[in-house]
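Undergrad: Right, I'll just put the structure down here and ask away after.
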Amino acid sequence: MADNKGDVKAPPSWLNSPAFQESYQKAIEFYEKDEVLDARDRLELSKKYTSIARAQFIGGWAGFSAVFITPFAYRYYKTGAIRGVKVPRNFVFGLVAMVVSTQLSGSMMYKKKLQELDPTGELAAKYESKINKNKQRNQYGDFEADVPTLIDENQNQNPPSRYQKEFDMMNLLKNGSAPKWAMYFYTTYQNPRRRFPNPVEMMDELKKAQRQPLAPFLHQRDPFGLFKDQNEKNDEKNDAYPNPTKNAKPADNNQLPLEPPKPELSWNKVRQQNSGKATTAWDRIRNGEHLNDNNDGFDDDLDPFEESKSNVGPTINKPTKEEFKNLVEQERNGGSGLF
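The sequence shown begins at 1 in UniProt numbering and counts up by one.
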């Protein structure tokens with residue numbers, strides 16, 4: 001890849017390191033074994049590694065329980081109580097037992113699955129012959145020179161059987177990270193596009209400086225995008241998925257229809273309302289707008305406490321002082337004048 005001055009950039013120096021070349025060779029070997037797997041092979045490998053992961057889980061907790069609970073059971077059997085047992089020591093011993101039992105149970109299940117694929121030992125002999133042939137190549141030679149040696153010359157003439165492909169893959173991966181491989185094979189069984197990419201093509205792009213290595217996830221300044229506003233996120237989305245109608249000419253008969261406007265987010269509407277003029281009564285009182293605002297939703301003509309507006313509604317005849325005295329006297333005399 002040439003820069004603005006026309007100079008060709010040299011490949012990164014870390015491509016020639018022995019550690020990277022060793023990882024590169026392992027990636028090629030995994031890719032070649034993964035490329036020949038079909039959907040059925042991936043499903044079977046997913047089931048096998050799921051069984052290995054389950055055996056590791058059960059074996060690990062069984063070992064922890066056996067070491068941690070045994071002192072309590074022994075003390076209760078001898079004294080009828082569990083006092084005096086050193087819990088921290090039992091916990092540490094239980095963790096050690098969990099690690100050991102996890103490895104043992106996973107190894108036993110792994111060997112069992114290999115035995116099911118190769119009961120006669122024929123597949124193991126073929127795998128060993130391939131390994132010996134690959135060891136004859138230069139371990140740290142040129143990348144392109146090492147690639148053809150990994151491919152079996154008779155592979156196109158005699159394609160391997162389903163058991164051979166699964167056996168070779170399990171021999172390569174061993175029994176480590178069983179949950180990860182179970183998930184990988186099941187995911188690629190459902191979606192083949194998520195398979196491991198071709199390392200040879202990626203290496204060519206790195207040599208030509210066409211592919212820049214990505215920074216580690218946690219080394220990025222804002223890996224989760226927490227400090228980006230909505231406009232920056234929309235700009236990045238538009239750059240990743242450009243609109244084909246943006247540069248189209250108006251007179252073009254083949255112009256694509258414009259994309260319909262997307263609905264506005266609810267939170268954006270709330271922010272716009274909050275940034276505008278206050279609409280509630282309390283906001284108008286705080287801002288002093290109630291002094292000149294006559295449209296506050298109240299009608300002064302209906303105020304029952306306003307004397308000038310007392311003629312509104314039914315008329316109440318107030319008795320005079322003399323009439324009130326007469327009513328009191330009539331009430332004292334038995335109320336004959338009331339009815």
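Don't be surprised by glycine CBs; every beta carbon is placed ideally from N, CA and C.
1) State the DSSP-derived secondary structure class of GLY106, mapped to helix, strand or coil.
2) Using a threshold of 8 Å, state whether the C-beta atoms of ASP34 and PHE196 are closer than that.
3) Would you kindly report the start and end of the unbroken alpha helix (DSSP H) that includes VAL67?
4) For the putative contact between ASN175 and TYR74, defined by C-beta atoms under 8 Å, what is the C-beta separation to the nearest angstrom?
5) How far does the alpha helix (DSSP H) with ASN191 in it reach, from first residue to last?
6) With a cut-off of 8 Å, do at least 3 Cβ pairs link the segment 177-193 to the segment 45-52?
7) Which same chain residues, not among the five before or five after VAL31, have their C-beta less than 7 Å away from its C-beta?
8) Using only alpha-carbon positions, find the residue among PRO119, GLU331, ILE69 that is nearest to TYR163.
9) Could you compute how far the alpha carbon of LYS321 sits from the alpha carbon of ARG332?
10) For GLU201 and LEU15, what's the separation of their Cα atoms in angstroms?
11) Taking the alpha carbon of VAL96 as the reference point, which residue from ALA178, SER65, ILE52, PRO71 has its own alpha carbon closest?
12) Is the CB-CB distance between MET108 and TRP61 below 8 Å?
13) Hey, how far is the Cα of ASP152 from the Cα of GLU22?
14) Between the alpha carbons of LYS318 and LYS325, how many angstroms are there, rounded?
15) Using DSSP with H/G/I as helix, E/B as strand and the rest coil, what is LYS174?
16) Distance, Cα to Cα, LYS86 vs SER105?
17) I need the DSSP call for PHE196, collapsed to helix, strand or coil.
18) Let me know the secondary structure DSSP gives PRO160 once reduced to three states.
19) Rounded to whole angstroms, what's the CA-CA distance from GLU116 to PRO192? Just pull it up for me.
20) Let me confirm a value: ILE28 is counted as buried when at least 16 other C-beta atoms fall within 10 Å, else exposed. Which label applies?
21) Quick check: the Cα distance between PHE57 and SER51, rounded to an integer number of angstroms?
22) Does the Cβ of SER101 have 16 or more other Cβ atoms within 10 Å, making it buried, or fewer, making it exposed?
23) Inspect the beta-carbon positions of VAL67 and LYS165 and report whether they are closer than 8 Å.
24) Could you check whether TYR76 and ASN69 sit closer than 8 Å to each other, using their CB atoms as the reference points?
25) Hey, how far is the Cα of GLN190 from the Cα of ASP41?
TA: Short version:
1) Collapsing the DSSP output to three states places GLY106 in a helix.
2) yes
3) From DSSP, the alpha helix (DSSP H) with VAL67 extends over 39-79.
4) Rounded, the Cβ-Cβ distance is 34 Å, inconsistent with contact.
5) Taken as a continuous stretch (DSSP letters only), ASN191 belongs to no alpha helix (DSSP H), as it is neither H nor E.
6) yes
7) Going by the sequence as given, residue 31 is Tyr instead of Val. PHE196, ASN198, PRO199.
8) PRO119
9) 17 Å
10) C-alpha separation (whole angstroms): 14 Å.
11) SER65
12) No, the Cβ-Cβ distance between MET108 and TRP61 is not below 8 Å.
13) The predicted model places ASP152 with a pLDDT of 49, which falls under 50 and marks its position as unreliable, so this point remains unresolved.
14) 13 Å
15) Annotated three-state conformation of LYS174 is coil, per DSSP.
16) 28 Å
17) coil
18) coil
19) The alpha-carbon separation between GLU116 and PRO192 amounts to approximately 26 Å.
20) buried
21) 10 Å
22) Per the 10 Å Cβ criterion, buried.
23) no
24) The question names Asn, yet the displayed sequence has Ile at residue 69. With contacts defined by Cβ atoms closer than 8 Å, ILE69 and TYR76 do not form a contacting pair.
25) 12 Å
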